[in-house]
Amino acid sequence: MPPFAVSRHGGRAGCGTKAAAPGPAGGGGSGKPTHSPYNARFTRIDSRRPVKVFRGLPNAESRAPCALTIGNFDGVHRGHQSLLARARAAADARGLPLCVMTFEPHPREFFTPDKAPTRIALLRDKLESLRRNGVDRVVVEHFNAHFAGQSPQEFVENVLWHGLHTRWLLVGDDFRFGAKRAGDFAYLQEAGRRYGFDVEQMGSVSEGGIRISSSAVRQALADGDLEHARRLLGHGYAISGHVIHGRKLGRDLGFPTLNLRISHKRPAVSGIFVVQVHGIADHPLPGVASIGVRPTIEDAGRVLLEVHLFDFNESLYGKLVRVEFMKKLRDEARFDSLDELTAAIAKDSADARAFFGLTAPGAAAAEAEGSGCRDFATSATDRIR
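Sequential numbering from 70 applies to the sequence shown in the working numbering.
Now the structure itself:
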């Protein structure tokens, strides 16, 4: 698991050589970019290839010419990966850093929160995927009424030109921008001629006549079809996070877990899964996991990912781990008694062990109490009627 180190500065951090704010080729402008209300931060995702992350547009001292692509990039699936590969090649050919502008929250969460899609990836995982695909810097723009209300001209002038110093831009075939989605590819082409940046468009990536999209990934995950999701993503589906303290109830039930808080209310998966966990040992550790909402007073509406690792008993509080989902066993369920619940958890564990070809634990392992874990069955007891 790559380390995440965040340092905060009074201004926004940048990437590349500083450049004076340019003016448009044949056009005027205020030169005042629209800034996000977020405090900017510099994030080094992985020392092997650092990526600089901006909460909102960089300040004037940190801006530099860049090759840019824009999108939500939820899941960074194979279609996104193809687009990023093309953008990386164009950036290298021009001697420019590759920049991605993405949005938080998702625009559909802002406009229609009740109908917003589930979230494939948390921001941490999205940033790591962008890093792996060769991105040098990421602008996480706060999507709010002010940003959404910009006219196409304001977006081009304040964001693309003055805010990011765009020299080359790649967008998807369905890209629209500006208030009421009034801006399109033709508008960008004309703006590029006026301001002096190149604009290209890339079509969708398909497999077997089916478009690879975030919607397709969400549907595969909702159906519990993790193999199809793997084909669309190009890798196994996983969620990362820091291990947190749980309620530490029900230790006598023999299923200690590591717990990850899911910040988004609508994750793309829910239920009971066979998993393997990366970032603890030099190899992934097998386990069984539950992800969902616990209907208790203190946790109402909040989502928790709980993982019971087989034959493991070490403190993991605060550790960053990545949980990879291998197979869905069942949906979440409520139980009428603790005995029914315990039997269900035991069966889930046995099924997951069988998936990995593992034998049942001995009596000593079954009775182990973990100091960095809490009971897997405990969260399920929260679901007992």
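For glycine and all other residues, C-beta sits at the position ideal for the given N, C-alpha and C. Note that the structure is a prediction, hence the values are computed from the model and not measured.
### Query
Which residues in the same chain as glutamate 269 place their Cβ atom closer than 6 Å to its Cβ, once the five residues preceding and following it in sequence are excluded?
By 1-based counting over the sequence shown, the position of residue 269 is 200. Taken in chain order, the residues that qualify are Leu239.
### Query
Thinking C-beta only, is alanine 421 closer than 7 Å to valine 357?
What you label residue 357 is simply residue 288 of the sequence shown in a count that begins at 1. What you label residue 421 is simply residue 352 of the sequence shown in a count that begins at 1. A contact, by the Cβ cut-off of 7 Å.
### Query
By how many angstroms is the C-alpha of arginine 177 removed from the C-alpha of proline 166?
In the sequence shown, residue 166 corresponds to position 97, counting from 1. In the sequence shown, residue 177 corresponds to position 108, counting from 1. Spanning the two alpha carbons is a distance of roughly 29 Å.
### Query
Distance, Cα to Cα, glycine 218 vs threonine 428?
Taking the sequence shown and counting its residues from 1, the one referred to as residue 218 is at position 149. Taking the sequence shown and counting its residues from 1, the one referred to as residue 428 is at position 359. Within the model, the alpha-carbon separation for glycine 218 versus threonine 428 is close to 59 Å.
#### Entry: Spatial distance of glutamate 296 from arginine 206 (CA atoms)
Stepping through the sequence shown from its first residue, residue 296 is reached at position 227. Stepping through the sequence shown from its first residue, residue 206 is reached at position 137. Approximately 31 Å between the Cα atoms of the pair.
### Message
Helix, strand or coil for arginine 132? Go by DSSP, reduced to three states.
### Response
What you label residue 132 is simply residue 63 of the sequence shown in a count that begins at 1. Assigned with DSSP and collapsed to three states, arginine 132 falls in coil, not helix or strand.
### Message
If the criterion is Cβ atoms closer than 7 Å, does the pair aspartate 400 and glycine 340 meet it?
### Response
If you number the sequence shown from 1, residue 400 lands on position 331. If you number the sequence shown from 1, residue 340 lands on position 271. Yes, these two residues count as a Cβ contact at 7 Å.
#### Entry: Reference alanine 248, options Asn227, Gly232, Pro221, closest by Cα
By 1-based counting over the sequence shown, the position of residue 248 is 179. Minimum Cα-Cα distance from alanine 248 among the listed residues Asn227, Gly232, Pro221 corresponds to Pro221.
### Message
When you compare the region 125-145 with the region 279-294, are there three or more beta-carbon pairs, one atom per stretch, that lie closer than 8 Å?
### Response
Output reads yes: the region 279-294 touches the region 125-145.
### Message
Buried or exposed, going by whether 16 or more other CB atoms sit within 10 Å of the CB of alanine 94?
### Response
Taking the sequence shown and counting its residues from 1, one reaches residue 94 at position 25. Because the pLDDT of alanine 94 is 47, which lies under 50, any placement of that residue in the model is unreliable, and the number read from its coordinates should be weighed accordingly. Around the C-beta of alanine 94, fewer than 16 other C-beta atoms lie within 10 Å, and the residue is accordingly described as exposed.
### Query
Between the Cα of arginine 118 and the Cα atoms of Leu196, Cys135, Ala159, which residue gives the shortest distance?
Locating residue 118 in the sequence shown gives position 49, where the first residue counts as 1. Just measuring C-alpha positions, the residue of Leu196, Cys135, Ala159 sitting nearest arginine 118 is Leu196.
### Task
Would you mind working out which of Met170, Pro353, Asn382, Leu301 sits nearest glycine 323, comparing C-alpha positions?
Working through the sequence shown from its first residue, we reach residue 323 at position 254. When each option's Cα is compared against that of glycine 323, the closest is Asn382.
### Query
Do leucine 385 and leucine 302 have their CB atoms nearer than 7 Å?
The residue given as residue 385 occupies position 316 in the sequence shown. The residue given as residue 302 occupies position 233 in the sequence shown. In this structure, leucine 302 does not lie closer than 7 Å to leucine 385 by Cβ.
### Message
Using CA atoms only, rank isn't needed, just tell me which of Ser151, Phe379, Leu192 is closest to valine 274.
### Response
Here residue 274 is taken as the residue at index 205 of the sequence shown, counted from 1. Among Ser151, Phe379, Leu192, the Cα nearest to that of valine 274 belongs to Ser151.
### Message
According to DSSP, simplified to helix, strand and coil, what is valine 31?
### Response
Residue numbering for the chain in the displayed model covers 70 to 454; residue 31 lies beyond these limits and cannot be assessed.
### Task
State yes or no: is the C-beta of tyrosine 306 within less than 7 Å of the C-beta of phenylalanine 404?
What you label residue 306 is simply residue 237 of the sequence shown in a count that begins at 1. What you label residue 404 is simply residue 335 of the sequence shown in a count that begins at 1. Taking 7 Å as the Cβ cut-off, tyrosine 306 and phenylalanine 404 do not qualify as a contacting pair.
### Query
What do you get for threonine 450, buried or exposed, if any count of 16 or more other CB atoms within 10 angstroms of its CB means buried?
Here residue 450 is taken as the residue at index 381 of the sequence shown, counted from 1. Bear in mind that a pLDDT of 37 at threonine 450, under 50, signals an unreliable position, so the number given afterwards is only what the model happens to contain. Around the beta carbon of threonine 450, 16 or more other beta carbons sit within 10 angstroms, so the residue counts as buried.
### Message
Please identify the residue among Leu153, Glu409, Ala423 whose C-alpha is closest to the C-alpha of glycine 272.
### Response
Here residue 272 refers to the residue found at position 203 of the sequence shown. Ranking Leu153, Glu409, Ala423 by Cα distance to glycine 272 puts Leu153 first.
#### Entry: The beta strand (DSSP E) enclosing proline 182, as first and last residue numbers
One-based indexing of the sequence shown puts residue 182 at position 113. Here proline 182 belongs to no beta strand (DSSP E), and DSSP marks it neither H nor E.
#### Entry: Close-in-space but distant-in-sequence residues of the same chain around glycine 203 (CB under 7 Å, 5 per side omitted)
Here residue 203 corresponds to residue number 134 of the sequence shown, with the count starting at 1. Closer than 7 Å at the Cβ level, and outside the excluded window around glycine 203, lie Leu153, Arg157, Leu167.
### Query
When the Cα atoms are used, what is the spatial distance from histidine 377 to glutamine 345?
As a working note, residue 377 is residue 308 in the sequence shown. As a working note, residue 345 is residue 276 in the sequence shown. Cα to Cα, the separation comes out at about 10 Å.
### Query
Identify the residues that DSSP records as bridge partners of glycine 252: which are they?
Counted from its first residue, the sequence shown places residue 252 at position 183. According to DSSP, which records beta bridges pairwise, glycine 252 is partnered with Phe246.
### Query
Can you pull the DSSP bridge partners for serine 359?
If you number the sequence shown from 1, residue 359 lands on position 290. Ile341, Glu375.
### Start-to-end residues for the beta strand (DSSP E) that takes in isoleucine 308
Here residue 308 is taken as the residue at index 239 of the sequence shown, counted from 1. Counting along the chain, isoleucine 308 sits inside the beta strand (DSSP E) bounded by residues 307-311.
### Task
Have a look at the DSSP bridge pairing and note the partners of glutamate 20.
Outside the displayed span of the chain (70 to 454) sits residue 20, for which this structure offers no information.
### Task
Rounded to whole angstroms, what's the CA-CA distance from arginine 300 to isoleucine 139? Just pull it up for me.
Counted from its first residue, the sequence shown places residue 300 at position 231. Counted from its first residue, the sequence shown places residue 139 at position 70. Cα to Cα, the separation comes out at about 24 Å.
### Query
Are the beta-carbon atoms belonging to phenylalanine 123 and proline 174 less than 7 Å from one another?
Working through the sequence shown from its first residue, we reach residue 123 at position 54. Working through the sequence shown from its first residue, we reach residue 174 at position 105. No; because the gap between Cβ atoms is not below 7 Å, this pair is not in contact.
### Query
Taking the C-alpha atoms as reference points, what is the distance between glycine 348 and histidine 215?
Mapped onto the sequence shown, residue 348 falls at position 279. Mapped onto the sequence shown, residue 215 falls at position 146. Inter-residue distance for glycine 348 and histidine 215 is about 40 Å (C-alpha atoms, whole angstroms).
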